[in-house]
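Below is one structure; the comments refer to it alone.
Number of protein chains: 6
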Amino acid sequence: MELISENVRYLGADASWDDAQIVLYGAPFDGTTSFRPGTRFGPAAMREASIGLENYSPYLDKHLTDLAIYDAGDLVPPIGSVSKMINLVEDQTLRIAQAGKVPLMLGGEHSISLGAIRAMAQVYPDLRVIHFDAHTDLRPEFMEEPLSHACVIYHAWEILGDKKIASFGIRSGEAEEFAFARDHLAFHPFDLEGLKEYVAGLKVQKLPVYFTLDLDVLDPAYLPGTGTPEPGGVTYLDLQNKIYQMAGLNVVGLDIMELSPPYDESGVSTVLACKLLREILLALFA
Amino acid sequence: MELISENVRYLGADASWDDAQIVLYGAPFDGTTSFRPGTRFGPAAMREASIGLENYSPYLDKHLTDLAIYDAGDLVPPIGSVSKMINLVEDQTLRIAQAGKVPLMLGGEHSISLGAIRAMAQVYPDLRVIHFDAHTDLRPEFMEEPLSHACVIYHAWEILGDKKIASFGIRSGEAEEFAFARDHLAFHPFDLEGLKEYVAGLKVQKLPVYFTLDLDVLDPAYLPGTGTPEPGGVTYLDLQNKIYQMAGLNVVGLDIMELSPPYDESGVSTVLACKLLREILLALFA
Amino acid sequence: MELISENVRYLGADASWDDAQIVLYGAPFDGTTSFRPGTRFGPAAMREASIGLENYSPYLDKHLTDLAIYDAGDLVPPIGSVSKMINLVEDQTLRIAQAGKVPLMLGGEHSISLGAIRAMAQVYPDLRVIHFDAHTDLRPEFMEEPLSHACVIYHAWEILGDKKIASFGIRSGEAEEFAFARDHLAFHPFDLEGLKEYVAGLKVQKLPVYFTLDLDVLDPAYLPGTGTPEPGGVTYLDLQNKIYQMAGLNVVGLDIMELSPPYDESGVSTVLACKLLREILLALFA
Amino acid sequence: MELISENVRYLGADASWDDAQIVLYGAPFDGTTSFRPGTRFGPAAMREASIGLENYSPYLDKHLTDLAIYDAGDLVPPIGSVSKMINLVEDQTLRIAQAGKVPLMLGGEHSISLGAIRAMAQVYPDLRVIHFDAHTDLRPEFMEEPLSHACVIYHAWEILGDKKIASFGIRSGEAEEFAFARDHLAFHPFDLEGLKEYVAGLKVQKLPVYFTLDLDVLDPAYLPGTGTPEPGGVTYLDLQNKIYQMAGLNVVGLDIMELSPPYDESGVSTVLACKLLREILLALFA
Amino acid sequence: MELISENVRYLGADASWDDAQIVLYGAPFDGTTSFRPGTRFGPAAMREASIGLENYSPYLDKHLTDLAIYDAGDLVPPIGSVSKMINLVEDQTLRIAQAGKVPLMLGGEHSISLGAIRAMAQVYPDLRVIHFDAHTDLRPEFMEEPLSHACVIYHAWEILGDKKIASFGIRSGEAEEFAFARDHLAFHPFDLEGLKEYVAGLKVQKLPVYFTLDLDVLDPAYLPGTGTPEPGGVTYLDLQNKIYQMAGLNVVGLDIMELSPPYDESGVSTVLACKLLREILLALFA
Amino acid sequence: MELISENVRYLGADASWDDAQIVLYGAPFDGTTSFRPGTRFGPAAMREASIGLENYSPYLDKHLTDLAIYDAGDLVPPIGSVSKMINLVEDQTLRIAQAGKVPLMLGGEHSISLGAIRAMAQVYPDLRVIHFDAHTDLRPEFMEEPLSHACVIYHAWEILGDKKIASFGIRSGEAEEFAFARDHLAFHPFDLEGLKEYVAGLKVQKLPVYFTLDLDVLDPAYLPGTGTPEPGGVTYLDLQNKIYQMAGLNVVGLDIMELSPPYDESGVSTVLACKLLREILLALFA
């Protein structure tokens with residue numbers, strides 16, 4: 009018996025699992041126990057708003073329908089336990105990557121990108137990470153919680169080692185974190201300058217890249233709907249143009265994190281995230 | 009290849025199609041073309057908020073898990089065309105009812121209940137409708153639009169005939185509508201008084217009943233999150249107690265309509281709708 | 009040259025000045041210099057929301073179109089000067105009342121009702137005032153400002169003298185104000201009990217009555233959109249029923265004050281004020 | 009009998025019809041039947057907020073009072089019927105333009121600019137249109153609705169013919185629309201570059217120009233209060249500077265559309281629209 | 009050197025530590041790491057809003073100034089660690105109670121009332137607790153977190169033993185919790201009935217009482233600003249009247265918890281909490 | 009008896025009065041009598057949000073803890089009387105400055121900066137003022153109120169005389185104010201250009217400088233949370249960079265005014281103000 013209802017899918021994510029080049033899924037986790045805030049609503053809001061988005065990018069003259077994307081729905085988060093959630097993300101990412109497909113996670117708080125990076129490092133031993141963010145996320149431990157969103161890059165570095173992670177746009181953190189970043193990462197604080205050169209190097213080596221995008225790299229004038237807004241970020245157009253510079257990279261997985269729709273009642277932040285994701289997908293994979 | 013993600017289901021709606029006694033689905037339709045407002049967000053918001061709800065009703069000493077409910081996801085609305093949406097609802101309702109299961113629609117605007125009533129009248133020729141609402145919904149035509157939410161009961165009457173529909177709580181409409189209602193419906197304006205007696209009559213006859221609940225029957229102090237709030241409605245506790253009076257009825261289908269989460273930023277309206285639905289399910293089916 | 013545009017009028021206020029029995033006007037004044045808050049937006053919001061209101065009251069079986077109402081637009085407030093605004097209200101009220109018509113002011117903050125009462129007392133020397141409010145409004149002076157909304161009834165008493173003002177619903181004020189009220193007013197604190205008996209006395213004497221309604225007499229659960237909400241007020245239905253008890257009174261003028269639409273984003277407060285005004289007009293004048 | 013109340017007029021719009029060079033009116037239409045959202049509130053919000061605006065532009069060293077503007081109030085929209093509303097706009101525009109005055113419409117959704125363009129093309133057969141927008145608005149039909157805001161420029165092209173419309177700032181639409189625009193319009197996608205050269209050509213020919221401004225040409229960081237926000241737009245200062253480049257053009261009519269005050273609770277979008285309109289009026293007509 | 013600035017104190021809380029009968033302090037803790045939501049803002053919002061409150065209760069004909077209250081400011085919460093925060097509350101409560109004064113905590117989430125009850129049980133070995141709440145709060149463990157707000161009464165029972173805690177208004181919880189409550193507490197589910205009789209018994213025995221008030225015992229129509237709203241609660245007036253029934257009890261400590269100002273943008277919830285606290289203080293201590 | 013509670017202090021403002029180099033205090037005044045809006049909430053919101061701020065500036069490689077700051081709490085505003093409030097600010101500023109410390113006021117509306125400038129001019133006879141603002145604030149009288157926020161710079165000029173005040177970023181005012189500014193101030197309208205040169209001159213002379221920052225100098229895209237937003241302002245990064253150009257100046261006092269948290273529900277405006285203040289403190293004093 010076939011019913012006619014179905015769940016909302018991300019715009020254009022109409023491929024089957026078998027045909028899919030990219031597998032999108034939501035990770036609606038924000039680690040709080042209240043039913044109201046915040047990033048947990050990111051994936052659902054993005055799917056909903058994507059319906060109003062054009063399938064066509066006039067900037068790139070390409071269509072989302074040129075890609076084969078499967079929308080695998082959402083992970084069901086074990087509320088309150090970040091470690092279990094990271095394990096879930098790791099497991100999901102592993103299944104997708106081992107099938108030769110590109111995992112694309114819609115967050116959710118940034119902490120859980122750790123699960124994705126853990127999985128990708130297993131499948132691609134020489135993995136590199138490109139990281140856009142306002143915050144260093146390099147604290148070994150934050151408020152008694154070793155797996156908070158303030159630590160995700162530190163733990164990724166524990167897995168990948170020195171100079172495998174390139175951080176861009178960072179403008180907030182402790183002095184020790186900035187020092188650590190200068191020593192152990194490819195570190196480009198404050199804005200997205202230097203990306204083009206860094207990307208050129210990776211292209212030569214054809215290295216596999218995981219792209220983790222914390223949306224708060226944007227100035228909060230453009231994206232107020234995020235958990236820890238940090239003034240002084242890049243404009244939307246600057247970010248979009250930098251994404252285009254990544255075309256041609258061997259991106260094997262990616263995530264787009266920290267959209268918190270309830271903090272922006274105008275709905276603009278969610279619309280921005282949808283448009284940006286369209287441009288990312290078309291620039292990197294079409 | 010089995011992925012571990014899935015879509016959010018209504019609390020306790022964990023049964024398979026085959027096992028289900030009740031089949032729940034969303035009808036996220038509000039007839040506007042903008043991406044923002046209003047009742048279209050009802051089903052998703054209810055699923056999300058249901059996670060925070062207790063499975064147990066202390067009023068009835070019963071559990072939602074005592075019921076076998078299948079969550080069939082959402083209809084994909086043909087945006088802007090109410091007639092196509094009504095057809096979709098009719099088709100979906102027919103499939104569920106013909107399989108001997110109880111269809112339960114989460115709205116969405118009230119206009120589309122017409123599709124459900126059309127289907128139910130085919131399966132159950134002696135169908136009765138119990139209708140809770142603030143508005144008569146009896147206009148043959150409203151603003152050039154014969155299928156608006158202001159007309160749904162009129163069209164249901166065209167199908168079912170005189171005195172097959174019992175309307176309760178009505179406190180707004182035109183004089184002609186109130187006159188029509190007195191002549192052609194079992195009409196109980198202003199509040200929910202008279203329900204017990206009406207229900208007693210139906211029980212004796214064991215007649216099949218469709219229950220259509222426009223949430224604006226509640227006073228907007230209790231439910232501000234609805235499209236056309238009408239002061240002077242019933243309290244939550246009054247409504248809950250009246251629901252309990254319906255226990256024992258042969259309810260063969262139902263809907264809960266006109267929740268508009270964006271109009272209530274406190275989230276309370278959605279929480280109320282979830283709790284009320286739990287009590288309805290446990291009172292009528294457990 | 010006749011253009012086809014016009015300004016929004018209150019629902020059904022389609023009479024000309026000459027034909028009108030009732031003359032409605034807005035007094036969009038809240039004494040602040042900022043462009044954003046609060047009661048100043050009351051009249052415009054009520055006109056706008058009245059479009060969605062039914063013309064017909066099913067409670068009274070009467071239509072707003074049975075009344076001849078002229079909508080005279082809004083006073084242009086001299087921002088920041090409450091005394092000039094009160095003079096303006098006095099002048100406007102005088103013109104309407106001297107023409108034998110009933111002035112109906114949509115507020116705006118309660119302080120400016122003083123202008124209306126001043127004018128009405130000139131035209132009707134044996135005027136009585138019925139006053140619904142949460143607050144005593146009996147302070148001779150409030151925060152260096154003798155004409156604030158906390159003083160309006162005190163100044164009305166200076167004009168009318170002892171026992172000419174009946175206050176209902178009062179539940180906040182200083183001890184001295186409560187003592188003063190018990191000595192000098194017909195005082196019915198906490199709720200609307202005693203209205204029926206008071207009204208009966210006025211009817212026997214056929215005395216002219218000015219009805220000043222501060223909407224905060226309602227519990228803020230029903231009307232959050234007001235400047236100084238005071239928990240413990242009456243329900244909407246109680247207020248509506250009490251209004252019906254005033255039918256047959258010789259009401260020669262009235263106002264409905266302190267709606268502050270920006271404080272209730274659901275829009276419910278404004279809808280309530282519109283419906284309540286319809287019931288007041290139909291109960292008192294149709 | 010003269011009452012002292014009046015309706016709020018746009019700042020400085022104090023001229024009589026006979027003296028007026030420019031006739032401003034509101035078109036509060038957004039095609040939805042709900043009482044709450046969206047662009048319908050644009051004109052009233054702009055009039056209200058204009059009170060707080062300075063009459064003087066320090067950029068241009070000119071005053072709004074140097075212009076003779078008549079505020080004709082608002083069209084009363086036939087709710088739900090876009091074709092009747094467009095006819096109303098056409099009729100109104102015709103009356104104003106035939107009297108030798110400049111019509112200035114405050115929207116309202118962009119679809120109804122079609123009425124204005126229809127009228128202007130009758131009065132000025134060699135009319136040109138300058139169009140600022142985020143969206144192509146070139147679909148012959150959108151969601152079964154041939155007169156939606158997604159089609160207005162297509163229908164304008166049907167009237168005016170090839171290369172009579174110049175579109176700037178466009179960054180969203182279907183591939184077919186972008187192709188059509190390149191073939192049939194003077195098309196300047198993504199930003200406002202090329203305006204100066206285009207304007208220079210029109211000045212030489214002294215051609216009459218209708219300026220239709222969809223405010224969503226701005227980046228939503230500057231104007232979140234609009235119906236279909238599209239990230240990647242121009243800044244406020246860039247738009248203002250481009251407006252100055254239009255000084256000296258023979259602008260015979262104009263509109264400013266798609267302000268939706270409820271989507272920006274800070275009120276900033278409305279303030280921006282007011283200031284921008286002041287600069288437009290002073291740059292083009294003073 | 010004495011500066012003239014000072015911190016906002018609760019209305020009338022002007023006594024010194026030495027003179028104080030009651031010591032009020034804030035516990036702005038909600039266990040989340042984000043900077044935005046929720047109950048953490050309760051104490052500051054209550055102090056601020058209390059400025060607008062009348063010092064005089066017309067219901068009781070008493071003044072807040074009749075009491076000697078010291079406002080000790082706020083505890084500085086160790087963000088993220090509920091056990092440390094509970095210890096802090098215990099320590100603070102102990103210091104106050106051992107000095108023979110009445111501790112009054114403004115929450116903050118309900119979990120931390122455990123610290124207060126722990127301290128009070130040390131000072132008053134035969135302590136009784138009166139508990140108003142919508143939720144049982146009787147789970148031994150909730151989401152891996154033994155000290156969450158869902159467990160506070162269970163842990164209080166571990167300290168005090170059987171039948172020492174009287175719970176009123178409870179309408180949500182698991183079946184096991186309701187069974188436990190019936191066996192081990194004086195349990196009055198759903199509303200506040202039975203309070204008068206229970207209080208009479210305590211008065212005879214002159215037993216010391218700690219009163220813990222979770223504001224969500226109110227229906228969310230009256231208090232939308234709380235973390236886990238539960239429809240079907242008591243009205244404000246019912247709660248106020250029940251408080252008056254507690255007059256004459258030997259209340260040795262109390263708290264008022266779970267106000268979450270950000271969830272109610274109208275500000276009404278905070279105003280209600282302030283007024284309610286005034287009535288509690290005057291009814292129990294003046 | 010030492011209790012363990014305390015009031016929230018600004019991040020890092022942990023010095024005692026004796027040790028402090030800088031004394032911070034709040035001036036929560038906005039001149040309205042309502043309990044809800046606006047700038048009055050600025051100081052409390054900044055203290056609260058500062059907790060989430062990093063102590064470290066990666067731009068300047070300095071820590072807030074390098075400074076000795078004493079947080080003196082808030083002035084208690086005499087509600088409604090701006091002249092008394094200005095006197096209070098003057099008195100407070102005098103006490104701080106005469107003790108050889110730097111007063112830092114968190115506003116509050118801009119009008120009250122007059123009190124600070126009055127005091128500083130007594131202590132430092134050759135005082136200069138650097139003024140960032142969107143508005144001239146040069147009206148001798150505004151709406152019958154000589155001490156409104158629209159007049160503060162005019163009154164400061166009366167004290168200091170010609171060419172002692174440098175205004176930057178001004179883009180709104182009357183023609184007479186712009187003319188006055190050109191004649192009597194060092195006037196840099198529209199943006200912050202010219203600051204570097206102006207500052208260089210002051211450094212040579214080692215003149216004492218009071219820095220008064222009206223946050224509305226920023227474009228409202230960056231700071232919607234302010235009382236009179238004026239489009240066309242500077243970006244956050246531009247403002248931050250200009251602040252760095254002031255390093256080395258002899259700044260003897262400062263204020264940061266017109267943050268109005270309730271107008272920006274995303275919280276971003278408050279976060280921006282906190283970060284900006286950190287950069288100001290570190291650039292000017294560390």
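Residue numbers (the numbering used here), protein chains in the order written: chain A, 9 to 294; chain B, 9 to 294; chain C, 9 to 294; chain D, 9 to 294; chain E, 9 to 294; chain F, 9 to 294. For every residue, glycine included, the Cβ atom is placed at its ideal position computed from N, Cα and C.
- Residues ILE161, TYR162, GLY181, GLU185, PHE188, ALA189 of the same chain have their beta carbon placed closer than 7 Å to that of C:LEU146, with the five preceding and five following residues left out of the count.
- B:LEU226 and C:ASP141 have their C-alpha atoms roughly 26 Å apart.
- Residues of the stretch 174 to 186 of chain B whose Cβ lies closer than 8 Å to any Cβ of chain C, in chain order: ILE178, ARG179, SER180, GLY181, GLU182, ALA183, PHE186.
- Within 9 Å of the CB of E:VAL279, the CB atoms of chain C belong to PRO228, THR236, PRO237, GLU238, PRO239, in sequence order along the chain.
- Residue state for E:PRO154 is assigned as coil, using DSSP reduced to three classes.
- By the Cβ test, the stretch 62 to 78 of chain F is in contact with the stretch 22 to 32 of chain F, since at least three Cβ pairs between them sit closer than 8 Å.
- Taking the Cα positions, A:ALA52 is about 21 Å away from D:PRO228.
- Under the DSSP definition of a beta bridge, E:ALA174 partners with E:ILE138, E:ALA194.
- Counting C-beta pairs with one atom in each stretch, the stretch 61 to 71 of chain F and the stretch 106 to 117 of chain F have fewer than three that are closer than 8 Å, which means they do not touch.
- Going by beta carbons, A:TYR18 and A:SER65 fall outside the 7 Å limit.
- Pairing D:VAL217 with D:LEU257 gives a Cβ-Cβ distance under 7 Å.
- Around F:LYS211, the same chain offers GLY256, LEU257 as residues with beta carbons nearer than 7 Å, after the five sequence neighbours per side are excluded.
- Here C:THR144 carries a coil assignment [DSSP, helix/strand/coil].
- Taking 7 Å as the CB threshold, A:TYR271 stays off the interface with chain D.
- For A:PRO232, a Cβ of chain F is located within less than 7 Å of the residue's own Cβ.
- E:LYS250 has a beta carbon lying at 7 Å or more from every beta carbon in chain C.
- Residue contact with chain F for D:LYS214: absent (no Cβ-Cβ distance below 7 Å to any residue of chain F).
- Between E:LEU61 and A:ILE125, the alpha-carbon positions lie close to 55 Å from each other.
- Where C:ASP79 is concerned, the enclosing beta strand (DSSP E) starts and stops at 77 to 82.
- The DSSP-derived three-state label of F:LEU122 is helix.
- Contact between the stretch 196 to 216 of chain C and the stretch 199 to 214 of chain E is absent, with fewer than three C-beta pairs closer than 8 Å.
- Within the same chain, and ignoring the five residues on either side of B:THR47 in sequence, the residues whose Cβ sits closer than 7 Å to its Cβ are ASP38, GLY115, GLY116, GLU117, GLY235, GLU266, LEU267, SER268.
- Scanning chain A for C-beta atoms nearer than 7 Å to the C-beta of F:LEU245 yields GLY240, reported in chain order.
- F:TYR218 sits in a strand when the DSSP states are folded into three classes.
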